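Below is one structure, written out as structure tokens; the observations come after it.
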Amino acid sequence: MNNGVIWLFMEVLTHVPIALGMAEFLYFLKSRYFSALVFFGGQVVCEILNIILKRVWKGGRPASRGKGYGMPSAHSQFMGYFIGYIVLFVGNRLICSESKKATVFWSSAILSVLVSFSRVYLGYHTPWQVIVGFFAGMATALVWYMAAEVIAMKLGLVDFFLGWGISRHLEIHFPSRITIEEPASVTRFRQFFKIQTVHPKPDYTACAEFLVDQADEIGLESKLAQGKQIVIMKLPGTDPSLKSIMLDSHTDVVPVFEEFWTYPPFAATIVEQEYGDHKIYARGSQDMKVTGSMQVFGSSSFDCCFWKETQEKYVYAVFAPDEEIGGTDGIGGFVETEYFKEMSVGFDLEEGLLGADHRNVFLYAERGFSQVTFTSHGNTGHGSQFIEGTAIEKLFPVIEEVMNLREQERQKLLALNDGSLNLK
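Quick note on numbering: the UniProt record's numbering labels position 244 of the sequence shown as 244, and the sequence is numbered without any gaps.
Right, here's the structure in full:
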């Protein structure tokens with residue numbers, strides 16, 4: 001029946017390509033993603049190709065639909081391109097769970113098949129015209145994706161296009177990957193920022209509870225040290241006789257003056273940048289919740305965050321309070337405890353500096369120091385005499401020994417230098 005529910009449903013389906021084309025273009029206007037523009041542009045190319053193929057093949061429509069060329073079906077070619085590009089894009093460029101990828105794929109595939117089938121059901125095309133159109137669309141998607149997203153990128157044509165005045169005016173950008181869900185590491189990162197461990201009344205209890213919960217979630221042993229809320233996470237090694245590695249960071253942050261903040265200091269607001277990257281604005285994003293987060297929460301598995309050659313050694317991550325006010329009741333008190341002595345720390349990495357790129361910069365300009373006073377006693381006399389055994393003369397061997405030690409340490413640093421350190 002031409003007025004039945006199925007018939008009406010098929011009539012609705014036949015208008016889906018128009019809706020999808022509009023949605024693709026509107027998504028580009030909203031996101032300004034280069035990939036969204038490529039997706040829509042390929043759809044236009046696919047339609048132009050369909051017109052050419054119809055003029056070349058001149059295959060007529062079924063008699064019930066009268067005149068006009070029907071080989072291949074424009075609707076099925078549209079949907080073939082749509083599902084083909086979706087498969088390539090989702091598989092290579094989209095960051096999300098596998099279940100969400102499967103949902104996107106199967107919903108697109110089912111919709112594509114239904115739209116193509118509707119053209120046969122409504123009598124606009126023969127099955128063969130629909131099949132040819134569908135595969136022509138998929139072939140177009142493959143060629144277009146490889147040309148625009150792979151080859152053009154390697155040849156530098158994408159950067160060239162993005163450098164055009166009109167591209168900059170329209171703020172078109174190219175994110176290397178597109179995320180439709182927040183990674184767990186980013187969620188932990190933001191939750192950490194939202195805990196107000198700000199002086200003069202830092203909420204160390206909530207912070208410690210959060211850190212212990214996160215340690216449990218990623219499978220780490222954890223404990224609270226005596227006194228203030230110091231959280232120690234432990235990754236056991238295979239040889240407890242070796243000196244351990246300690247990675248320490250502090251959980252407190254300095255006071256804020258909210259009137260000078262563009263975004264609330266404890267909201268951990270995510271702001272998309274010009275080229276598709278994102279920044280998180282929060283107190284502690286530089287000093288220094290960021291360091292502890294990178295050391296521990298940057299991966300779902302603690303041992304993935306550290307050097308593979310340290311598997312024999314125990315690794316401890318220590319989150320201490322009160323660094324911003326001297327650390328006497330924080331790490332200063334912790335190093336006097338029996339537990340710290342039992343840790344047998346041989347190497348400690350404290351706060352560094354979050355780099356502008358993906359590196360964590362370790363600073364050597366803030367190394368600890370010890371002040372030593374050398375007192376020399378010697379003979380004195382009038383300056384016109386050459387007095388033997390003066391105090392300065394006796395200091396020469398000491399100075400020579402100190403300079404030799406300095407040179408030994410310098411040679412150690414040179415042996416580790418990959419060229420990135422300027423020692424002059």
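Glycine is no exception: its CB is placed at the ideal position from the N, C-alpha and C atoms. Since the model is a prediction, treat every value here as computed from it, not as a measurement.
May I ask you to report which of helix, strand or coil DSSP gives residue i?
i	result
F374	coil
residue 428	This structure leaves residue 428 out entirely; the chain is present only between 1 and 424.
S293	helix
T262	coil
E221	strand
T269	strand
A317	strand
L155	coil
H278	strand
M233	strand
C304	With a pLDDT of 47 at C304, under the threshold of 50, the predicted position of this residue should be treated as unreliable, though the coordinate-derived value follows. Residue state, collapsed to three classes: helix.
H169	helix
I387	coil
L13	helix
D348	strand
M332	According to the sequence provided, residue 332 is Gly. The question's Met does not apply to it. Looking at G332 - three-state DSSP - the assignment turns out to be helix.
V198	strand
W253	The sequence given here has Val at residue 253, not Trp. Note: V253 maps to strand in three-state DSSP.
G21	helix
G41	helix
S299	Annotation note: pLDDT 49 at S299 (below 50); position unreliable, coordinate value reported separately. DSSP places S299 in coil when its eight states are reduced to three.
Q311	coil
Please classify residue i: is it buried, with 16 or more other beta-carbons within 10 angstroms of its beta-carbon, or exposed?
i	result
T328	exposed
M71	buried
A141	buried
V398	exposed
D252	buried
E393	exposed
V56	exposed
W307	Low per-residue confidence applies at W307: pLDDT is 46, beneath 50, and the placement is therefore not dependable, though the value from the model is reported in the following sentence. Exposed, because fewer than 16 other Cβ atoms sit within 10 Å of the Cβ of W307.
F347	exposed
Q129	buried
A215	buried
S108	buried
M146	exposed
E323	buried
L157	exposed
E149	buried
F369	exposed
F334	buried
P240	exposed
Y99	First, the residue type needs correcting, since residue 99 is Ser and not Tyr in the sequence shown. When all chains shown are included, S99 counts as exposed.
residue 428	Residue 428 is absent from the structure shown; the chain starts at 1 and stops at 424.
A208	buried
P285	One detail in the question is off: residue 285 reads as Ser in this sequence, not Pro. Buried: at least 16 other Cβ atoms inside 10 Å.
Determine whether the beta carbon atoms of residue i and residue j lie at a separation below 8 angstroms.
i	j	result
F193	A320	no
F266	Q191	no
R32	L170	yes
M233	V296	yes
K313	G237	yes
H24	A36	A small correction: the amino acid at residue 24 is Glu; His does not occupy that position in the sequence shown. For E24 and A36, yes; Cβs fall inside 8 angstroms.
V349	L247	This sequence places Leu at residue 349; Val is not what is there. Yes. Within cutoff.
F39	Y85	yes
A74	N50	yes
S249	T205	no
K244	Y316	In the sequence under discussion, the amino acid at residue 244 is Ser, which differs from the Lys named in the question. A contact, by the Cβ cut-off of 8 angstroms.
residue 425	I325	Given that the chain is displayed from residue 1 to residue 424, the structure contains no residue 425 and the question cannot be resolved.
N379	T390	yes
V318	I387	no
V44	W144	no
F34	I172	yes
A136	L20	no
S76	R188	no
F105	V132	no
Checking contacts by CB at 8 angstroms: is residue i closer than that to chain C?
i	result
S99	As a matter of chain content, chain C is missing from the structure shown, which is built from one protein chain.
Looking at residue i and the ligand ATP, is the gap between the Cβ and the nearest heavy atom below 7 angstroms?
i	result
Y314	Looking at this structure, you won't find the ligand ATP or any other ligand, since it has none at all.
At least three beta-carbon pairs within less than 8 angstroms, the region 71-88 to the region 103-118: yes
Every unbroken alpha helix (DSSP H) inside the region 69-138 [4 residues or more]: Those alpha helix (DSSP H) runs which fall completely within the region 69-138 and span 4+ residues are 74-93 and 98-121.
Given 8 angstroms, three or more beta-carbon pairs between the region 226-236 and the region 254-271: no
Three-pair Cβ contact test at 8 angstroms for the region 12-23 versus the region 112-131: Yes, since at least three Cβ pairs between the region 12-23 and the region 112-131 fall closer than 8 angstroms, the two stretches touch.
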